[in-house]
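Numbering (the numbering used here), first residue to last: 8 to 728.
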C-alpha cells in the first residue's frame, strides 16, 4: 500500500488491494489527519503520514471488520474504491497528539478537499431562521462519488468557432417558469435536458449554451443575513462539484453521484441536440470571503499559498470579493488545470468563460502578463486542445482592464463592443431627442468590423471578439430601452449596488409604459441592437430571454434575486412573439451568410471584403465619418471566393432616408482579392428590416443604383448573390 503524493484527492491505490490513496495540498499545516465516515459507519480519523512539498498523503486500508460496508467489495469505478466507497464523507483537520475525540463535522467545520467531487451540507447555520440551501454558516463535508454515467452521445458537436452563436443562460432561471415542463424538472439540470427546451434552443438557432456558474457555491454572509441568496453563483465552494441546488429533488435525495449524473445527462442531451456546453467558471476567488471569515477549505489548508498577500501579509483583493486566488503558486495553477480537465474529460464540457480572468494572469507581483504560466499551460495541455477559452478580460485591481490583450487561442468578452452599440442606438437617440446630433457611425463601424484595432496588434483576428450587448450582469436588452437608471431596491443595498454607467435610454418614460408609440419604438430599438449583434464580425453572445423582451424591472444587478425578477418569462405576448421571430430570422441569415463563405473566413483578413458607403451609394469620406449627426451608413460584407455577400443599411437618424444601393461593379477589384478570385454579383434581395413596414417587402429585389426608403432608426438587410 505505497502512498503517493499524486493525484490529488481520493483515488484507488496502485496496489489494487482496494485501499484508497488520499493526497491534499496543505502547506499551512505541519501534520494532517483525514476525518472520514464510510456509508453507514462512524466518523474515524486517519493520519496522513506522507509529506512532500506541502502535499500531505497517505493510504486508507480496507476495514478489518464490518463498519457498514462490504469488507471486500469489488472495485467500482475510477475515483471509487472499497476503502472509501461512493458515499464516503470526509475532510481534514490538523493532527494533534492531544486530541481525544473525532470531530463532529455537523458541529465544527472540517476542511474540505479542494479536489472533492461531491459536497454535502451536514447541518444548516445554527443562528439563521429558515436558512436557504446555500446559506452562509452551514457545515459541509466532501463526499466520494462514482463516475458511472453511461453517455448516449459520447462525441462532441463539431462547430467551427466562426459559426458559434452563444446563448448565456442560468441553469435554474432558464426553465423555472416554463409552462410546458413537468413541475419536478423546472429549474434543474433535468429541465435543461427536456425535449421542450432542446427544441426551443434548436429552433432559435444557437450553437452553444453558456451556463452561469454550476460549480458548488455558497451565499455571502450579508445575503444570508438579509434573507437573500447568491442566485448567479459567483462564490465557489468547490471547483470539482456541480451545484446541488440545480438538481431535481429526487437526485438531491439520492446524493452527490445522482446530482453529478443528472448534470452529465443535461450535457449529454444538449450534445445530442447539436448544442455545445460552455461553463462560466470562477477561479479568481472563493466563498471563504475576507480574511476575517472562517475557513472552509483553502484558508485552513494554506492561507498564504492559496490566496494573494502583500509584503505585509495582508490580502490583495483584485476581485472585490474579499480574497484573490494566488495564481503565482504552481499548485494553485495545477488545481485550476486539473479542474478544467475534470470537467472536460468526465463531464464532456466544450468550453469555459473565465470570470475576472486577468486575476488568473497576475504574477507574484500581482501584475498581469499574457505569458503567465497558467495561460502557457492551458495552451500546451493536450486535454484542453480544441476547448474554447473565453475571458472576462477585466478585474478590479490596478491594470485590470485587459480587453484585447489575452493570448492567442483565447477569445475576449468585448466590452467596447457592448458600450459602442449601446451608445449608438440608445445614448445617441437620447441626445437627438434633446436636440443634439447624436454622434456618428464611425465607432459603430469599427466594432461591426470585428474591433481589429484591439485584437490585430497581438496577432489575433476578429474571431477573438465575443460580441455582446447584454450579459447576466446589467440591464436586459429590453430594460436598456425602458430605464435611464437602475432600480435595485430589492437587493436591500439602498440601490447603491450595480453600475450607474448603463448607456441606456428609456425613450421618454421610465419603466412600464402604456403608450403604444413608445412601446413600438422600444421594441424596434431592441431589434436594432439584436440585428447589429448578429451581423457583426466576431462571435455573438445572446443573453437568455432577450429574444423574448425579458425585463428585470430595471434591476441591473440581480445577482441575489432567485425569483421572477431573474427567471425567464415564457409568456408569449404579441410583442415577445414578434421579437422571438425576428431573432430566429437574424440567426438564420447569419448562418446562411457564413455557410456561403470559404472555410477560412474571416480568419484571413486579406480575403475579407468590407466596404462602407454613404446614403448616396458612394464610398464614405473622412468628412462623413467625422460629422456629428452622420448616422446613416451602408456596409457590404463578403469574401474573395464567397458565394454570397451581405449589405446592411443602418439608419440611426430620426428621419426616413432614401438610400442609393451601391453599384455591384464596385464590390471587388483584382487588387482587393489577394487570391485572385473574381467576384461578380447580381441583384440585391431584401431579407429583413427591423422596421415592420419595410419588412413587409422582404423578398423584393433591387439593382445597384436603385433607391430604397429606409425608415428612421432601423436597419435593412440585403443579400447580394
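From the three backbone atoms N, C-alpha and C, an ideal C-beta is built for every residue, glycine too.
- Among the bridge pairs identified by DSSP, residue 639 is matched with 658.
- Here residue 616 is bridged, per DSSP, to 645.
- Around residue 539, the same chain offers 428 as residues with beta carbons nearer than 6 Å, after the five sequence neighbours per side are excluded.
- The continuous stretches of alpha helix (DSSP H) do not include residue 691, which lies in the beta strand (DSSP E) extending over residues 691-696.
- Counting the other CB atoms within 10 Å of its CB gives residue 496 a total below 16, which places it among the exposed residues.
- For the pair residue 472 and residue 145, the Cα-to-Cα distance works out to about 41 Å.
- Rounded to the nearest whole angstrom, the CA to CA distance from residue 52 to residue 460 is 59 Å.
- Burial check for residue 22: the Cβ neighbour count within 10 Å stays below 16, so the residue is exposed.
- For residue 150, DSSP records a beta bridge to 96, 125.
- As a beta-bridge residue in DSSP terms, residue 726 pairs with 653, 692.
- Taking a cut-off of 8 Å on C-beta distances, the stretch 641-653 touches the stretch 663-670, as three or more cross pairs fall below it.
- Residue 651 holds the alpha-carbon nearest to the alpha-carbon of residue 690 among 658, 700, 651.
- Residue 354 sits in coil when the DSSP states are folded into three classes, being neither helix nor strand.
- The beta carbon of residue 259 is closer than 7 Å to those of 251, 266 in its chain, skipping five residues each way along the sequence.
- Counting other Cβ atoms within 10 Å of its Cβ, residue 13 stays below 16 and is therefore classed as exposed.
- In the structure shown, residue 252 falls within a helical segment according to DSSP collapsed to helix, strand and coil.
- In this chain, the beta strand (DSSP E) harbouring residue 16 covers 16-19.
- For residue 585, the enclosing alpha helix (DSSP H) stretches over residues 581-602.
- For residue 307, no beta strand (DSSP E) run applies; the uninterrupted alpha helix (DSSP H) run containing it begins and ends at 305-313, by DSSP.
- When the Cα atoms are used, residue 56 and residue 35 turn out to be separated by approximately 15 Å.
- Segment contact: the stretch 398-413 against the stretch 354-369, three or more CB-CB distances shorter than 8 Å; contact assigned.
- Fewer than three pairs of CB atoms, one per stretch, sit closer than 8 Å, so the stretch 615-627 makes no contact with the stretch 415-430.
- The alpha-carbon separation between residue 173 and residue 71 amounts to approximately 54 Å.
- Taking a contact to require three or more Cβ pairs closer than 8 Å, the stretch 558-573 and the stretch 484-498 qualify as touching.
- Taking C-beta separations shorter than 7 Å and ignoring five residues to either side along the sequence, the partners of residue 326 in its chain run 291, 292, 363, 366, 402, 403, following chain order.
- Counting C-beta atoms within 10 angstroms of its own C-beta, residue 287 has 16 or more neighbours from the protein chains shown and is therefore classed as buried.
- If the five residues before and after residue 418 are omitted, its C-beta is found closer than 8 Å to the C-beta atoms of 168, 395, 396, 397, 398, 470, 471, 472, 473, 546, all from its own chain and listed in chain order.
- Taking the Cα positions, residue 321 is about 43 Å away from residue 182.
- For residue 418, the enclosing beta strand (DSSP E) has its first and last residue at 417-420.
- The residue among 39, 64, 655 with its C-alpha nearest the C-alpha of residue 104 is 39.
- In the DSSP assignment, the residues bridged to residue 215 are 173, 283.
- The alpha-carbon of residue 255 is positioned some 24 Å away from that of residue 86.
- The beta-bridge partner set that DSSP reports for residue 666 consists of 715.
- The residue among 574, 163, 148, 333 with its C-alpha nearest the C-alpha of residue 352 is 163.
- Here residue 33 is not near residue 11, since their CB atoms are 8 Å or more apart.
- Following the DSSP letters along the chain, one finds residue 439 inside the alpha helix (DSSP H) bounded by residues 435-440.
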